[in-house]
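Each residue of the sequence shown is one higher than the last, beginning at 1 in UniProt numbering. So the structure is just underneath, and the comments pick up after that.
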Amino acid sequence: MDNTSKVSYLTVGSEEAGQRLDNYLLKHLKGVPKSLVYRIVRSGEVRVNKGRADVTYRIVEGDLIRVPPVRVAEPNAKPSQATMARGPELPILFEDEALLVIDKPAGLAVHGGSGVSFGVIEQLRAQRPQAKFLELVHRLDRETSGILLIAKKRSALVAMHEMLRNDRGMDKRYLALVQGQFPDARRHVRFKLQKYVTADGERRVAVTPDGQESHTVFNRRARYTAATLLECELKTGRTHQIRVHCAQSGFPILGDDKYGDFALNKRLPREGLKRMFLHAWRLTLNHPLNNTPLKLEAPLPTELQAYLDTLEAIDG
Numbered sequence: 001m002d003n004t005s006k007v008s009y010l011t012v013g014s015e016e017a018g019q020r021l022d023n024y025l026l027k028h029l030k031g032v033p034k035s036l037v038y039r040i041v042r043s044g045e046v047r048v049n050k051g052r053a054d055v056t057y058r059i060v061e062g063d064l065i066r067v068p069p070v071r072v073a074e075p076n077a078k079p080s081q082a083t084m085a086r087g088p089e090l091p092i093l094f095e096d097e098a099l100l101v102i103d104k105p106a107g108l109a110v111h112g113g114s115g116v117s118f119g120v121i122e123q124l125r126a127q128r129p130q131a132k133f134l135e136l137v138h139r140l141d142r143e144t145s146g147i148l149l150i151a152k153k154r155s156a157l158v159a160m161h162e163m164l165r166n167d168r169g170m171d172k173r174y175l176a177l178v179q180g181q182f183p184d185a186r187r188h189v190r191f192k193l194q195k196y197v198t199a200d201g202e203r204r205v206a207v208t209p210d211g212q213e214s215h216t217v218f219n220r221r222a223r224y225t226a227a228t229l230l231e232c233e234l235k236t237g238r239t240h241q242i243r244v245h246c247a248q249s250g251f252p253i254l255g256d257d258k259y260g261d262f263a264l265n266k267r268l269p270r271e272g273l274k275r276m277f278l279h280a281w282r283l284t285l286n287h288p289l290n291n292t293p294l295k296l297e298a299p300l301p302t303e304l305q306a307y308l309d310t311l312e313a314i315d316g
């Protein structure tokens, strides 16, 4: 069966305006690899208002986009809308006409890709077919639990992206359990971080002289015999920032399979910790449209709290 699409022409609507061309195409070409989307844009097969455009081009309402024939995934290559809609209901911390805030479980990707059939955003769209607009404001690692922001209006998304770009307007706090006894009650950590991709295609981050500036403030909340609970205050929002800052400071996060102590991580499941101990706990911001102060909190998941209780019992 030939599952190659035909040439199509798409007109950008008001709720779609402002996003990058590559992200727009990925939503419309379901099942098409990102590498192919980049290829057809760079080769000039995709045209915007009859001209060539870069993948980083921000589309405008009324833009006419020509999409060439591409081979899309087989109908059964991904879970159906009905399958995704039957997924577990995600805990909602806050919702209004512009903003949806959920408490993301650990182990659930925020979006499909990189071997993941679907994630939070695809599940929400399947469960809310009437919603005209649902877009991730930011990301959380698959292994990280906690507060995740989703915009329900383009204007809200733009406003919150502006807050994130300027590294101000949002106060983001995480809870992390790290190896060893952290000596300081409060410590500012700054490193220059550079993203790269391993030979296996995994995203990683390294500290390099020419990387992006990053800044985390660690506040010690509790000390145990062999671990410390830290409240991590993000001043910038780089990929894997907290994980790299902890590891580079000599206090890797327990259960971190990318930057942690691998020998220790093998023992942790037997001791009751079966995931990375990193949780997006508190987020304070002004509402993107009406400027009302919002203070959002996601309680520590049961499995993480149970592990802390175990450590406290051992320490007596």
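For glycine and all other residues, C-beta sits at the position ideal for the given N, C-alpha and C.
Out of Ala156, Leu304, Glu162 and Val217, which has the shortest C-alpha to C-alpha gap to Ala185?
Nearest option by C-alpha distance: Val217.
Measure from the alpha carbon of Arg243 to the alpha carbon of each residue in Lys274, Val189, Lys295 and Asn291, then state which is nearest.
Minimum Cα distance to Arg243 is reached at Val189.
Is it true that the stretch 192–199 meets the stretch 275–292, where meeting means three or more beta-carbon pairs spaced less than 8 angstroms apart?
The answer is no - the stretch 275–292 does not touch the stretch 192–199, with fewer than three Cβ pairs under 8 angstroms.
Ends of the alpha helix (DSSP H) at Leu124?
Val120 to Gln127 is the span of the alpha helix (DSSP H), which, as asked, contains Leu124.
Go through its chain and collect everything with a Cβ distance to Val60's Cβ below 6 angstroms, but skip five positions before and after it.
These residues qualify, in order along the chain: Ala17.
Look at the alpha carbon of Val7 and the alpha carbon of Asp103, and state the distance between them as a whole number of angstroms.
Roughly 40 angstroms separates the two Cα atoms.
Exposed or buried, Thr198, counting other C-beta atoms within 10 Å across all chains shown (16 or more means buried)?
Exposed is the call here.
Could you work out which residue in Leu296, Thr310, Lys295 and Trp281 is closest to Ala106 when comparing CA atoms only?
It is Trp281 whose Cα lies nearest to the Cα of Ala106.
Quick one: what's Leu175 bridged to in DSSP?
In DSSP, Leu175 forms a bridge with Glu231 and His279.
Round the Cβ separation of Leu10 and Val67 to the nearest angstrom and send it over; I've been treating them as touching at under 8 angstroms.
With a Cβ gap of about 6 angstroms, Leu10 and Val67 count as contacting.
Closest by CA to Ala151, which one among Phe133, Thr310 and Asp141?
That would be Phe133, whose Cα lies nearest to the Cα of Ala151.
Taking the alpha carbon of Glu162 as the reference point, which residue from His287, Lys34 and Asp315 has its own alpha carbon closest?
The shortest C-alpha separation from Glu162 is found at His287.
Can at least three beta-carbon pairs, one atom from the stretch 221–232 and one from the stretch 141–155, be found at a separation below 8 angstroms?
Touching, no, given that fewer than three Cβ pairs across the two stretches are closer than 8 angstroms.
When the Cα atoms are used, what is the spatial distance from Gly260 to Leu230?
Rounded to the nearest angstrom, the two C-alpha atoms are 16 angstroms apart.
Assign Pro75 to buried or exposed, taking buried as 16 or more other Cβ atoms, counted over all protein chains shown, within 10 Å of its Cβ.
For Pro75, the predicted structure reports a pLDDT of 49, less than 50, and the residue's modelled location is therefore unreliable. The matter cannot be settled from this model.
Determine the burial state of Ala313: buried for a count of at least 16 other Cβ atoms within 10 Å of its Cβ, exposed for fewer.
Classification for Ala313: exposed.
Rounded to whole angstroms, what's the CA-CA distance from Gly31 to His111? Just pull it up for me.
Those two C-alpha atoms are separated by around 13 angstroms.
Pull up the CB-CB distance for Leu29 and Val37, whole angstroms please, since I reckon it's below 8 angstroms.
That pair is a contact at about 6 angstroms.
Alpha carbon to alpha carbon, how far is Leu289 from Ser249?
Rounded to whole angstroms, Leu289 to Ser249 spans 39 angstroms at the Cα level.
Given this structure, state the Cα-to-Cα distance separating Ala131 from Thr208, to the nearest angstrom.
Each residue's Cα considered, the two are about 43 angstroms apart.
Hey, Arg238 and Ser214: beta-carbon distance below 8 angstroms or not?
In contact: Arg238 and Ser214 (Cβ atoms closer than 8 angstroms).
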